[in-house]
Every structure is written in structure tokens, then in C-alpha cells.
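Engineer: Every position in the sequence shown, counted from 1, becomes a number in the numbering used here once 163 is added.
Cβ atoms here follow ideal geometry from the backbone N, Cα and C, with glycine treated the same way.
Since we're looking at a predicted model, the values are computed, not measured.
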Amino acid sequence: MTYEGHMTIGGKPVTGDEWVSVPNPAHLSAVVGRYPQGTIEHVEQAVEAASSAFPDWRATPVAERAALLAQAGALLAQPRDEWVSLLTAENGKLLREAVIDIAMGGEAISVYASHPEWTQDRVVDDERGRLVVRKQPLGVCVGIVPWNFPLTLASLKVGPALLAGNTLIIKVPEFAPLTTLRALGEMAALLPPGVLNIVSGYGPEVGRALVTHPKVRKIAFTGSTETGRQIMADASGHLARLTLELGGNDAAVLLDDVDLSDEAIGRIVTGAFMYSGQICIDIKRLYVHESRYDELVDRLSVAVDKIVVGDGARPEVTMGPINNARQYDKVTKLLAETKRDADCVQLGSYADGTDVEDGYFLLPHLVLDPPDEMKVVATEQMAPILPVMKFSSDEEAVTRANGTEYGLGASVWSSDRDRAFSVADRMEAGMTFINGHSLFALHPDAPAGGAKQSGHGYEMSQEALEGYTQLQAITNTYTQL
Ligand code: NAD
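1) Is the separation between the beta-carbon of Ser-464 and that of Leu-529 shorter than 8 Å?
2) Report the partner residues of Val-183 according to the DSSP bridge assignment.
3) Helix, strand or coil for Gln-544 per DSSP?
4) I'd like to know if the region 419-431 and the region 592-608 are in contact, where contact means that at least 3 CB-CB pairs between them fall below 8 Å.
5) Taking Cβ positions, are Arg-649 and Thr-638 nearer each other than 8 Å?
6) Considering Cα atoms alone, identify which of Ile-442, Asn-565, Gly-593 is closest to Ala-261.
7) Suppose you measure from the CA of Ala-193 to the CA of Arg-243; what does that come to, to the nearest Å?
8) Excluding sequence positions up to five away, which residues of its chain have a Cβ less than 7 Å from the Cβ of Ser-555?
9) Assuming Tyr-198 contacts Pro-309 under a Cβ cut-off of 8 Å, what Cβ separation, rounded to an integer in Å, is found between them?
10) Alpha carbons only, please: which of Asn-412, Leu-423, Gly-475 is nearest the one belonging to Ile-444?
11) Looking only at its chain, what residues have a beta carbon closer than 6 Å to the beta carbon of Gly-364, apart from the 5 residues adjacent to it on each side?
12) Tell me, please, whether the region 559-577 touches the region 512-527 by the rule of three or more beta-carbon pairs shorter than 8 Å.
13) Looking at C-beta atoms only, is the number of pairs between the region 223-236 and the region 270-279 that lie closer than 8 Å three or more?
14) Quick check: what's the CA-CA separation for Gly-612 versus Gly-572?
15) Verify the contact flag: Cys-304, CB atom, against every heavy atom of the ligand NAD, threshold strictly below 7 Å.
16) Under the criterion of a Cβ to heavy atom distance below 7 Å, does Thr-390 qualify as lining the ligand NAD?
17) What are the residues that DSSP puts in a beta bridge with Glu-408?
18) Please tell me whether Glu-622 and Leu-319 are closer than 8 Å, where the distance is taken between their beta carbons.
19) If the criterion is Cβ atoms closer than 8 Å, does the pair Ile-485 and Val-471 meet it?
20) Below 7 Å, is the gap between the Cβ of Thr-385 and the nearest heavy atom of the ligand NAD?
21) For Thr-385 versus Glu-408, is the C-beta spacing smaller than 8 Å?
22) Can you tell me whether Glu-253 is buried or exposed? The criterion is at least 16 other CB atoms within 10 Å of its CB, across all chains shown.
23) Using the DSSP secondary-structure output, state which residues sit across from Glu-167 in a beta bridge.
24) Would you kindly check if the distance between the Cβ of Arg-345 and the Cβ of Trp-246 is under 8 Å?
25) Thinking C-alpha only, which one of Phe-436, Ile-394, Gln-393 is nearest Ala-546?
26) When burial is assigned at 16 or more other CB atoms within 10 Å of the CB, is Glu-543 buried or exposed?
27) Hey, out of Gly-522, His-278, Asn-329, Asp-289, whose CA is closest to Gly-302's CA?
28) With Gln-234 as the anchor, note down where its alpha helix (DSSP H) starts and where it stops.
29) Once the 5 residues before and after Asn-187 are set aside, which same chain residues still bring their CB inside 6 Å of it?
30) Between which residues of its own chain and Asp-521 is the CB-CB distance below 7 Å, once the five residues before and five after are set aside?
31) The ligand NAD and Gln-616: does any heavy atom of the ligand fall closer than 7 Å to the residue's C-beta?
32) For Val-308, name the three-state secondary structure that DSSP assigns.
33) Are Ser-574 and Ala-415 touching if we call contact CB-CB under 8 Å?
34) Mind pulling the beta strand (DSSP E) runs of 3 or more residues that sit fully within the region 462-529?
35) Using three-state DSSP, classify Leu-634 as helix, strand or coil.
36) Three-state secondary structure (DSSP) at Met-590?
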């Protein structure tokens, strides 16, 4: 049975004249469902609905907004089996990765539900009079999300935007949007109509119409750096505020005293190959001290060779397919180029019965000591292809890790905590981890955001909420100089 998604605008399900079909990346001959191809008219309707809902929502006491958000978070906290299966089928994730995507979304919203005090005014009363610094909502906000972790990434916008008193339109990705349309549609029904709207459609049409709409006060975008650049230019017309969570080319630096136990190797494999290397903060480049290079490559090869590729719905599979044709074409070309110019080792195996031609499957690869200039090192590959390079001093490792326009995540691995923190201090990355580098290394209270061309602003934490508010200083002071 296939699933038919719908948009949610002003509390109502909305479809259109055109539909977009969603394939299963593990069984390309099977259709998972279809979703409405949104249009500029749908954007108008969504902005109108969010605008109309804004005055009442901002006037709703924050405790009530927080209570509704608690219900919204709870909806995702225990992912329903049918949502998990749908997400795996359309996205290619393992079932447990689908659970993580949905449940992390629930957590991302619940954090804001439990901190209504983050919106509190600052009040100063003294001999000069009264100063009240208010955190005012901005109005209609837009969240634009990519296909890789759509539930989590949409929820990271829902929590702070709605707690602060804004109304929101989420634009789901064109690849694998069905579960997000479904779950967020149910979430919208818990809230007053128009507070949360969900639209589908193509980025250059629907996304761009949202970004350029003069009534949209803020755009929170997660996606590629290239699209982020376009959005920044488009938003300049009406000076909409921006949060940009963009691409990365994360380096992991393994110092000479790194622990290479099974546990540590397991963390590295998770960091580089979870969700087929398609997570923004996956390890994209691995730098290891030359004295530990051979040992690392040996141990890592053994562990990566255990990866079983196939349909993520099957329990024995540990790595699903690449999500979509665009990404698959890009990474298979990159792999062919890499094999031609570098020492590239193919590892892992396919699950029994996998029809390799009927899915976007790719076995994991290690690329042995390629030069930093090679495309597989210098660009964000978003694939299960990990380049491993040698270095001879900490200074050299830091310089090479920082030698990119990106600055999303990075990690330092060492048995000496103080040394690791000291090296981490020199890494140009918004999120710098020690002895870990994956979703599991994220601290729930830490702001997540990129340095350099990996982004502007933050998600998660109180810092993210600030991005959805406008400070208003109200005073009755009058000091004649
Ligand atoms: P993408 O930029 O192609 O698309 C992301 C979203 O933007 C989609 O919903 C798309 O429809 C929309 N879009 C495209 N063009 C647009 C336009 N002109 N105006 C408005 N919206 C537009 O990215 P993708 O390929 O879907 O996602 C992969 C990228 O996302 C990678 O670079 C990855 O690193 C990045 N990412 C970053 C983070 C982070 O937190 N920094 C998290 C996940 C993914």
C-alpha cells in the first residue's frame, strides 16, 4: 500500500493538481507514495494562514504555548511503527536510524516546552526608572529542511519558533518528505489553525517563493552551502533574518596517543558510516598521526568490512542505500574519480538477496592517504567513502583540518583529555567533539551551528531561541545630560 501525503495549511489538509512520486531507494521499482507538488499559490495561502494566526498565538500565555509544545514533542517521542517503516521505505535509513530521526525531533521540541522562562523579560528598576527588555516574536517564520534528517531538522525549528510566539511554515524536502508531512500534519492539529503549516514542493519554486515573501520575517534553513548562498541573497530584498545550517567537511584528528580499542573504532565507524555517510556532521576526513596510521587502517578495515549493505528495513542490514538519484550520481562519479587517482579499498558486503541494480547501494570505501587537494578530501562527499590521511605533528593536523571553507563539526581523539581540549580549541568548527564524532556526541544543551561557510546562527539550546526573537527595550527613563 502506498501513502498519499498532503500539505497542512491553516489547520486543513491541502493537495494540488500535480503529484510527485516517491520511490524506495532500496527498491527503485517500488513506489512508496506520492505528495502534492506545492505551488506559489500554496505559499500565499500558507503565509496568509500563518499571518492570521500570529496575533492570537503571540498573545497566548507562554505557559500555554509551552504546554501545547509538550504535546507536540510527545507525539514524536515514541515513534509509531508505521511512521518508522514509512521513513525507512522512503529515505533508505535503517529502522533504528528512522527511530532516532523521529525521537530526536520529539526531544528537540520538548526541550523548549520545558523552558518557558527562556522567553522572560529582563527588568531593571533603579533610580533612573524602569527598563524592560522584551523578547518579542518576529512574526511569520519559515523552516526549510533537507532529506537526510527531516523530522529532527524540522522539529529543531518548531520548538524555538513557536515557544517564542511566532507562527511557522515548514517546507519539507523534495526527496523523502512523506513521514514529515504526516507527523507534522498531526502535530499541527494539536495547535490552533495556522500556527504550524507544512508545505511541499520544489526548492527553486516553493522554497524560493517563501524566502522572498515580504511577510516572512525569518528563514531557518538547513541544507547545502550553495542553496544557503542563494537564500541569503534572496532574503536581502526584505532583510529577513536568517539561520543557516549548511554543509560541512568535518575532519577527525587522531593524535599519537589515541585509544584504538574496539569501542573507539566503533565510534569512528559510526561517525563516518552511520546513515551511509549522509549526515552533515559525519566524519568526512580522517587525519591520524603517522605513528598510528598502519594500526588504525588495519583495525578500521576489519570493522568497516563487517558493514552489511541492503534494505534498511531488514534487521541484518547495518547500512542502507544512498537516498536519491541526485546524490547517487554525484557520489558514484566521485568514487570512480577517486579509484582512478588514489588507493581506494572497497569493504563490506551486500545482504543476501539484495538486488544491487534495484537500489542506490554503495559499499563502504576507505581511501588511503590521498592528498588534501583531491576532491574526495576537499569537498563534502556525503557518502560512505572515507579518506584517511597521515600527519606528523599536531600543528600540521590542525592546519590541514582547518584548511577548508567549511567549519561545521570536527573532532580530536586522544587519551589525554587536557591535550585534546587544547587542540580542539584551535579547530575552526562550530561543534568540536572529543573522542566521538556523530549525533551521539552532541550535548543536548550545546548550541549547534557552523563556523565559516557552514552557517550563521544556532539550533538547539537557548541560543537558538534568541534567533526567533526581536529584543525590544521599553524604558521610562529620561536623563538630561
Ligand atoms: P539542498 O540545499 O539542495 O536542499 C535543502 C532544502 O532547500 C530542500 O527542502 C530544498 O527544496 C530547498 N531549496 C532548494 N533550493 C532552494 C531555493 N533556491 N530557495 C529555497 N529553498 C530551496 O540540500 P540537500 O541536498 O537537500 O541536503 C544536503 C545538504 O544539507 C548537505 O550539504 C548537508 O551538509 C546539509 N545539512 C546541513 C545540516 C546542518 O545542520 N548544518 C544538517 C543536515 C544537512
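Structural biologist: Looking at the coordinates:
1) By one-based count along the sequence shown, residue 464 stands at place 301. By one-based count along the sequence shown, residue 529 stands at place 366. Judged by beta-carbon spacing, Leu-529 lies within the 8 Å limit of Ser-464, meaning their Cβ atoms are closer than that value.
2) Stepping through the sequence shown from its first residue, residue 183 is reached at position 20. When beta bridges are read from the DSSP output, Val-183 appears opposite Tyr-198.
3) Here residue 544 refers to the residue found at position 381 of the sequence shown. It is coil, neither helix nor strand.
4) As far as the Cβ criterion goes, the region 419-431 touches the region 592-608, which means the pair count is three or higher.
5) Within the shown structure, residues of the chain are numbered from 164 to 644, placing residue 649 beyond reach of any answer.
6) Counting from one through the sequence shown, the residue named residue 261 turns up at place 98. Ala-261 has its Cα closest to that of Ile-442, out of Ile-442, Asn-565, Gly-593.
7) Counted from its first residue, the sequence shown places residue 193 at position 30. Counted from its first residue, the sequence shown places residue 243 at position 80. Rounded to the nearest angstrom, the two C-alpha atoms are 22 Å apart.
8) For the purposes of this step, residue 555 is taken as the residue at position 392 of the sequence shown. For Ser-555, the CB contacts under 7 Å within the same chain, skipping 5 residues up- and downstream, are Glu-453 in chain order.
9) Within the sequence shown, residue 198 is the residue found at index 35, counting from 1. Within the sequence shown, residue 309 is the residue found at index 146, counting from 1. So it is not a contact: roughly 16 Å between Cβ atoms.
10) Position 281 of the sequence shown, counting from 1, holds the residue named residue 444. Ranking Asn-412, Leu-423, Gly-475 by Cα distance to Ile-444 puts Asn-412 first.
11) If you number the sequence shown from 1, residue 364 lands on position 201. Cβ within range, chain order: Gln-200, Gly-201.
12) No, they do not touch.
13) The region 223-236 is in contact with the region 270-279.
14) Position 449 of the sequence shown, counting from 1, holds the residue named residue 612. Position 409 of the sequence shown, counting from 1, holds the residue named residue 572. Whole-angstrom Cα-Cα distance: 9 Å.
15) Along the sequence shown, one-based indexing puts residue 304 at 141. It does not: the Cβ of Cys-304 is nowhere closer than 7 Å to a heavy atom of the ligand NAD.
16) Working through the sequence shown from its first residue, we reach residue 390 at position 227. Correct: Thr-390 has its Cβ closer than 7 Å to the ligand NAD.
17) Here the question's residue 408 lines up with position 245 in the sequence shown. Partner(s): Thr-385, Gly-618.
18) In the sequence shown, the residue the question calls residue 622 occupies position 459. In the sequence shown, the residue the question calls residue 319 occupies position 156. The criterion of a C-beta distance shorter than 8 Å is satisfied by Glu-622 and Leu-319.
19) For this step, residue 485 is matched to residue 322 along the sequence shown. For this step, residue 471 is matched to residue 308 along the sequence shown. Not closer than 8 Å, so no.
20) Counted from its first residue, the sequence shown places residue 385 at position 222. Yes, since a heavy atom of the ligand NAD falls inside the 7 Å radius drawn around the Cβ of Thr-385.
21) Locating residue 385 in the sequence shown gives position 222, where the first residue counts as 1. Locating residue 408 in the sequence shown gives position 245, where the first residue counts as 1. Closer than 8 Å, so yes.
22) Position 90 of the sequence shown, counted from the start, is the residue given in the question as residue 253. Its Cβ being crowded by 16 or more others within 10 Å, Glu-253 is buried.
23) Residue numbering aside, residue 167 sits at position 4 when the sequence shown is read from its first letter. Answer is Arg-197.
24) Translated into positions along the sequence shown, residue 246 becomes position 83. Translated into positions along the sequence shown, residue 345 becomes position 182. In this structure, Trp-246 places its C-beta atom within 8 Å of the C-beta atom of Arg-345.
25) Position 383 of the sequence shown, counted from the first residue, corresponds to residue 546. Ranking Phe-436, Ile-394, Gln-393 by Cα distance to Ala-546 puts Phe-436 first.
26) As a working note, residue 543 is residue 380 in the sequence shown. Counting Cβ neighbours within 10 Å, Glu-543 comes out buried, since at least 16 surround it.
27) If you number the sequence shown from 1, residue 302 lands on position 139. Looking at Gly-522, His-278, Asn-329, Asp-289, the one whose alpha-carbon comes closest to that of Gly-302 is Asn-329.
28) Here residue 234 refers to the residue found at position 71 of the sequence shown. Note, Gln-234: alpha helix (DSSP H), 225-240.
29) On the sequence shown, residue 187 is found 24 positions in, with the first residue counted as 1. Exclusion of the five residues before and after Asn-187 leaves Ala-193, Val-195, Ala-252 as the residues of its chain whose Cβ lies within less than 6 Å of its Cβ.
30) Along the sequence shown, read from residue 1 onward, the residue named residue 521 stands at position 358. Closer than 7 Å at the Cβ level, and outside the excluded window around Asp-521, lie His-190, Leu-191, Ser-192.
31) Here residue 616 refers to the residue found at position 453 of the sequence shown. Flag unset: Cβ of Gln-616 not near the ligand NAD.
32) Locating residue 308 in the sequence shown gives position 145, counting from the first residue. The three-state secondary structure of Val-308, taken from DSSP, is coil.
33) Here the question's residue 574 lines up with position 411 in the sequence shown. Here the question's residue 415 lines up with position 252 in the sequence shown. Between Ser-574 and Ala-415, the C-beta spacing is below 8 Å.
34) Entirely contained in the region 462-529, the beta strand (DSSP E) runs reaching 3 residues are, in chain order, 506-509.
35) Taking the first residue of the sequence shown as 1, we reach residue 634 at position 471. Looking at Leu-634 - three-state DSSP - the assignment turns out to be strand.
36) Stepping through the sequence shown from its first residue, residue 590 is reached at position 427. Looking at Met-590 - three-state DSSP - the assignment turns out to be coil, as it is neither helix nor strand.
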